[in-house]
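Asker: Encoded as structure tokens, here's the structure I'll be asking about.
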Amino acid sequence: MSEANIYLPHLMRIAAITEEAPGVRTFRLEFVDAAAAEAFAFRTGQFGLYSAFGDGESTFCIASSPTRKGYIECTFREVGRVTAGLADKEVGDIVGFRGPYGNVFPIDQWQGKNLLFITGGIALPPLRSVIWNCLDLRDQFKDITIVYGARSVNDLVYKAELKEWEQRPDVNLVCTVDPGGETPEWTGKVGFVPLIVEQLAPSPDNTIALVCGPPILIKLTMPLLRKLGFGAESIFTTLENRMKCGVGKCGRCNTGKSYVCKDGPVYTLEQLGQLPAEY
Amino acid sequence: MTDTFEPKITAFVCNWCTYAGADLTGTSRIKYQSNVRVLRLPCTGRIDFMLLAKAFARGADGIIISGCHPNDCHYTSGNYHARRRWMVYRNLMDFMGIDVERITFSWVSAAEGAKWAELVNEVTTGIRAKGPYTEYQELAHTGVE
Amino acid sequence: MADTYQLSSASLDALFTAIQGDGRRILAPTDRDGRTELNPVRNPGEVARDYIQTTMSAKAAVFPKVEQLLSYTLAKGQVDLVDPEPQAVPTVVFGIRPCEAGGFAALDAVFNWDTRDKFFNARLDQLAVIAVGCTRRDEACFCTSVGGGPGSVKGSDILLTPWSEGFLAEVLTDKGRALQALAPKGFIPAPAVDKAALLVDVPAAFDQPALTAKLPALFDAELWGNQALRCIGCGACAFVCPTCVCFDLQEEADGQSGRRLRSWDSCGHSLFTLHASGHNPRANQGARWRQRVYHKFSYYPDRYGMLGCVGCGKCTRACPVDMNLQEHLLEAARS
Amino acid sequence: MDLNEKAKQLLEAGTVQAVLGFEPGTHGAPRPAFARGADQAARLVSGPGCDQNLASYVTRAPVKRLGKLAVLATPKVLRALLQLMAERQIQEQDVLPLALDAAGQVVELATAQAMEEHLALEPDPVSTQDRELLDRLGRMTRAERWAFWQGELSRCVKCYACRSSCPMCYCEHCTMDCNRPQWVPVPSHALGNLEYHMVRSMHLAGRCVQCGDCGSACPVGIPVHLLTFNAEQTVHAQFGQRAGASAKLDYALSTFRPDDKENFIR
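Chains as they are written, first to last, in numbering that gives the first Met the number 0: chain U, 0 to 278; chain E, 0 to 144; chain A, 0 to 334; chain R, 0 to 265.
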């Protein structure tokens, strides 16, 4: 018998499908094989390759928290062949999952710190995993602030959870939509995420910032945080490189000497500074 | 050839003429062999040469491709474009060694129910004699380790 | 010191026969239709005579251009997944050059970094390499600039050096000794011979460690864009290269059954890093050409402690527009 | 004035920002080169071995960003430029073709008409090697032709050098790069190779200027140029037009004549 086939996915049954926003869905996946379910463990920040059998594999983060046992969740937007294949699936259908891959958000080093989450659109899923992980260990962290924006109210994902975070006294949620994206009933802010962060002017003291979003959000938010005094080693992000194997071999995610699927996807701004701007 | 071989014939037909012609074949109670699988397209001008290639790759042993006679096209010039395309494609396939005799090009009008039946019967019998197009159907597994 | 023998042409015949008797195929350079490529051979007579190298490399013996990683059948709510056993044919590659023999280590470094690739390992296990030292070279060769040489033993199980009417044979590994054991009488202890004198001279062209140290600072130099103006963005260099390991995973399904195939890929192609959003971190050919150089001469040493290039020059010979790697590396070293 | 002086003059006067020609490369063999300053004009060479179709660079973004281009115009380059004009990819003023007369003196062909007249003088002969292979193929049975092409295409690794070296393959997003639907399989197994080369040849029917660069670019020596030549030959024989003959040529497969003759439609 030869070695294990590192490209062989686990079979997962879709337990639940949530429509998050136009073309954006969340799958709750449960292992078909009980032994695999038992053996499976991951840490927040890790990702996987999800198979729509017949169309291929796509890379998404594991959007659920490791503290929630028995299932994993992923959130994706229908943009290509595989995500369209996944979007056709119904509850009970089988998809594939390979993982967990990549490194982690080091939340065990953030005890007693304030956490500042800054994200936009469907970049919330990777940070949502961290948020729920920290909320399930709430007493280990001081203030938790979440700045989350989307193009319009309808484009906000995890709408139910946003309400839950809003009502929680121990979470400071600042929700915003791009100008023109608001609805009459909208009570949150209106403005681009970097602008809202500037208005919020969060203090860098004893604070870890997690930033995740489209290149434009990263481009505007990072210098702002630096200006506010955040150290490059305390700003974290997760990269979205093109990936195929997820195990550091196929070469796609190679950026500088780093393989984003092995050495990332989680990087501090300081680590990003050592990589060539090729991500 | 064991007599159990029943060829799969794929027919790409235009909606306005040949499909209607085939319909007429049925209403005229004219019998023809059931090996043909009819695919209806708006016009022969819509029939991309890759559809033929995919048909062979997915197990067709013979192909019929048929539409309105020149000057009868519902869209005026679809069949004229198709004709030019077929002229180039047929030569290219032949040059590459693909068995172009497995592909029958034809004009069948909406009134030619009998011609449709005759076409299908003749093609089916011919392909049955030729046997399955295995050399093409094996391509997907050749060169994979 | 490896055990060195002399091997006559007749003994080589016997070795070929014994190897095939042991159920192994022999791949060697052959001259057919004006091309020198690796093909199955039965006896040394079929092996090409006067060649510098083959066009395609021997990597295909361990990393085929297309291989099936898994297959499945689909039914409503049910997937039957099949994990295939790799079909590793016991193989002896004969007659490749020492540079190329050194390439397998670079492949192994990636395929077994942290996780192990069972397909590659199954084939590498079944492979033995009998390289033949170089008595000819051309302007594309630069093995001595990257730690190799016309008589380098790295990566070979047996290294033959053309000598008088037969060969000097250095048996270097267990696999080499296993081959020797198949036809032991042919291996006669050899007198001390100056091997270098029998081989072509390949003066080193550039100081590779200095170049590797210099590359990070050269990342944003215009040099790469200027060189790549001529590059047409095909994959010829990557696909002939004995150390290029990048691959693509492709899904092919037909109704109720499907398979996942691995095939060679190239960082020279624009799609290689294209995001679903349309963003492409390497949007122009200059960045892609630079990636080829940096991956082999900067990232490989950083990550795997070895180079991703053996200086064989296959990429230069195969390139439709003569992107001469050695020449462009020299230009970078001097800039 | 010879090529080097003309290039120097054009670059110094700023008439063009780059002169695309050939320079000596590995083993002295000519390779494409951009002279982007008067000082680089002396590098340019011409004559035997300068037979790559430089027109394949003309539609590329990095080359367009250089500004106005002069290009050493062998007959195959002129045919490709005219075909690119016929397909509205470039206009007369974008490129300044520099043809060389028998004495090696530069003839500027600033207009499409000048290019067409110059071309009429020098048709490109089919090489003897191609002629022999085409004759051999002509004598083969269908099964033998199938075996021949399956043998040749089995060596294809889909490096796409044929596509990348073709002046007429300028599409931003090639059919091969689309995966919705995945028309042609990406891996280079027998089906993927056959379908790729079939699509490539069909997409060049009536557009291929028969320069042969795809065949010479192939690292494993597959005579893929004979496939596009076949498609182009049919267009010439059946529809009486030849790609690259004029800047005002209609695309053969999007025009027709009601009386197009064929002998196989029942």
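All C-beta atoms in this analysis are idealised placements derived from N, C-alpha and C, irrespective of residue type, glycine included.
Can you tell me which of the three DSSP states Tyr4 (chain A) falls into?
Answerer: DSSP places Tyr4 (chain A) in strand when its eight states are reduced to three.
Asker: Going along the chain, which unbroken runs of the alpha helix (DSSP H) with 4 or more residues stay wholly within the segment 19–103 of chain E?
Answerer: 48–56 and 77–94, all fully within the segment 19–103 of chain E.
Asker: With a threshold of 9 Å between beta-carbons, can Arg179 (chain R) be considered close to chain U, or not?
Answerer: True, the Cβ-Cβ gap to chain U drops below 9 Å.
Asker: Are any of the Cβ atoms in chain R nearer than 9 Å to that of Asp98 (chain E)?
Answerer: So, interface residue.
Asker: Does any CB atom of chain E fall closer than 9 Å to the CB of Val81 (chain A)?
Answerer: Not one chain E Cβ lies under 9 Å of Val81 (chain A).
Asker: In the DSSP assignment, what are the bridge partners of Pro96 (chain R)?
Answerer: R:Val70, per the DSSP bridge assignment.
Asker: Taking only three categories from DSSP, how would you classify Val31 (chain U)?
Answerer: Coil, per DSSP.
Asker: Enumerate in chain order the residues of its own chain whose CB-to-CB distance from Ala69 (chain R) is below 6 Å, with the five nearest sequence positions on each side excluded.
Answerer: Closer than 6 Å at Cβ, skipping near neighbours: Leu9, Val15, Val18, Leu95 and Leu97.
Asker: Need the endpoints of the beta strand (DSSP E) that Asp30 (chain A) sits in, please.
Answerer: Arg24 to Arg31 is the extent of the beta strand (DSSP E) around Asp30 (chain A).
Asker: Which chain E residues sit within Cβ distance under 8 Å of Leu260 (chain A)?
Answerer: Val143, listed in chain order.
Asker: When the cut-off is 9 Å and only beta carbons count, does Ala83 (chain U) lie next to chain B?
Answerer: Here the protein chains are U, E, A and R, and chain B is not one of them.
Asker: Indicate the three-state DSSP secondary structure (helix, strand or coil) for Ala122 (chain U) in the structure shown.
Answerer: Here Ala122 (chain U) sits in helix by DSSP.
Asker: One question on the structure: do Gly48 (chain R) and Asp129 (chain R) come within less than 9 Å of each other, judged by their Cβ atoms?
Answerer: Not in contact: Gly48 (chain R) and Asp129 (chain R) (Cβ atoms no closer than 9 Å).
Asker: Could you tell me the distance, in whole angstroms, from the CA atom of Thr35 (chain A) to the CA atom of Thr54 (chain A)?
Answerer: Approximately 7 Å, taken between the alpha carbons.
Asker: Leaving out five residues on either side along the sequence, give the residues of the same chain with a beta carbon under 6 Å from the beta carbon of Val244 (chain A).
Answerer: Cβ within range, chain order: Leu106 and Val109.
Asker: Does DSSP put Arg12 (chain U) in a helix, a strand or coil?
Answerer: Correct three-state label for Arg12 (chain U): strand.
Asker: Identify the residues that DSSP records as bridge partners of Leu260 (chain A): which are they?
Answerer: Answer is A:Gln67 and A:Gln249, bridged to Leu260 (chain A).
Asker: Given that a residue counts as buried once 16 or more other Cβ atoms are within 10 Å of its Cβ, and exposed if not, what is Asn240 (chain U)?
Answerer: Looking at its Cβ environment, which holds 16 or more other Cβ atoms inside 10 Å, Asn240 (chain U) is buried.
Asker: Do you know whose CA, among U:Tyr70, U:Asp92, U:Ser57 and U:Arg67, lies nearest Ala74 (chain A)'s CA?
Answerer: Looking at the Cα atoms, U:Asp92 is the closest of the given residues.
Asker: At 8 Å on the CB atoms, spell out the chain A contacts of Arg57 (chain E), in chain order.
Answerer: Result: Asp253.
Asker: Measuring straight from C-alpha to C-alpha, what distance separates Glu184 (chain U) and Val152 (chain U)?
Answerer: Between Glu184 (chain U) and Val152 (chain U), the C-alpha separation is close to 10 Å.
Asker: On the three-pair Cβ rule with 8 Å, is the segment 261–271 of chain A touching the segment 52–71 of chain A?
Answerer: Result yes; three or more Cβ-Cβ pairs closer than 8 Å.
Asker: Taking 9 Å as the cut-off, decide whether the C-beta atoms of Phe205 (chain A) and Phe271 (chain A) are in contact.
Answerer: No, the Cβ-Cβ distance between Phe205 (chain A) and Phe271 (chain A) is not below 9 Å.
Asker: In chain order, which alpha helix (DSSP H) runs of at least 4 residues are fully inside the segment 268–296 of chain A?
Answerer: As far as the segment 268–296 of chain A is concerned, its whole alpha helix (DSSP H) runs of at least 4 residues are 284–293.
Asker: Under the rule that 16 or more other beta-carbon atoms within 10 Å means buried, what is Met0 (chain E), buried or exposed?
Answerer: Note that Met0 (chain E) scores a pLDDT of 49, beneath 50, so its modelled location is shaky; the value from the coordinates is reported in the next line. Counting Cβ neighbours within 10 Å, Met0 (chain E) comes out exposed, since fewer than 16 surround it.
Asker: Spell out the partners DSSP gives Trp162 (chain A) in its beta bridges.
Answerer: In the DSSP output, where bridge partners are listed per residue, Trp162 (chain A) has A:Gly165.
Asker: Is Gly91 (chain U) close to chain A? Criterion is C-beta to C-beta, closer than 9 Å.
Answerer: Chain A contact via Cβ: present.
Asker: Taking C-alpha atoms, which residue in A:Gln325, A:Gly304 and A:Val320 lies nearest to Val292 (chain A)?
Answerer: Checking every option, the nearest Cα to that of Val292 (chain A) belongs to A:Gln325.
Asker: Measuring alpha carbon to alpha carbon, tell me which of E:Asn90, E:Phe94 and E:Val122 ends up nearest Ser105 (chain E).
Answerer: Ranking the options by Cα distance to Ser105 (chain E), first place goes to E:Val122.
Asker: Quick one: give me the first and last residue of the beta strand (DSSP E) that Ala130 (chain A) is part of.
Answerer: Leu126 to Val131 is the span of the beta strand (DSSP E), which, as asked, contains Ala130 (chain A).
Asker: Going along the chain, which residues of its own chain have a beta-carbon closer than 8 Å to the beta-carbon of Lys112 (chain U), five neighbours each way excluded?
Answerer: Answer for Lys112 (chain U): Phe140, Lys141, Asn205, Thr206 and Ile207, listed in chain order.
Asker: Classify Pro184 (chain R) as buried or exposed, calling it buried when 16 or more other Cβ atoms lie within 10 Å of its own Cβ.
Answerer: By the 10 Å Cβ count, Pro184 (chain R) comes out buried.
Asker: Is the separation between the beta-carbon of Gly214 (chain R) and that of Ala230 (chain R) shorter than 9 Å?
Answerer: In this structure, Ala230 (chain R) does not lie closer than 9 Å to Gly214 (chain R) by Cβ.
Asker: By DSSP, does Val239 (chain A) sit in helix, in strand, or in coil?
Answerer: Helix.
Asker: What are the start and end residues of the beta strand (DSSP E) that includes Val210 (chain U)?
Answerer: It spans Thr206 to Cys211 - the beta strand (DSSP E) in which Val210 (chain U) sits, taken as one unbroken run.
Asker: With distances taken Cα to Cα, identify the nearest neighbour of Arg59 (chain R) among A:Ala227, A:His327, A:Leu80 and A:Asp247.
Answerer: The residue with the shortest Cα to Cα distance from Arg59 (chain R) is A:Ala227.
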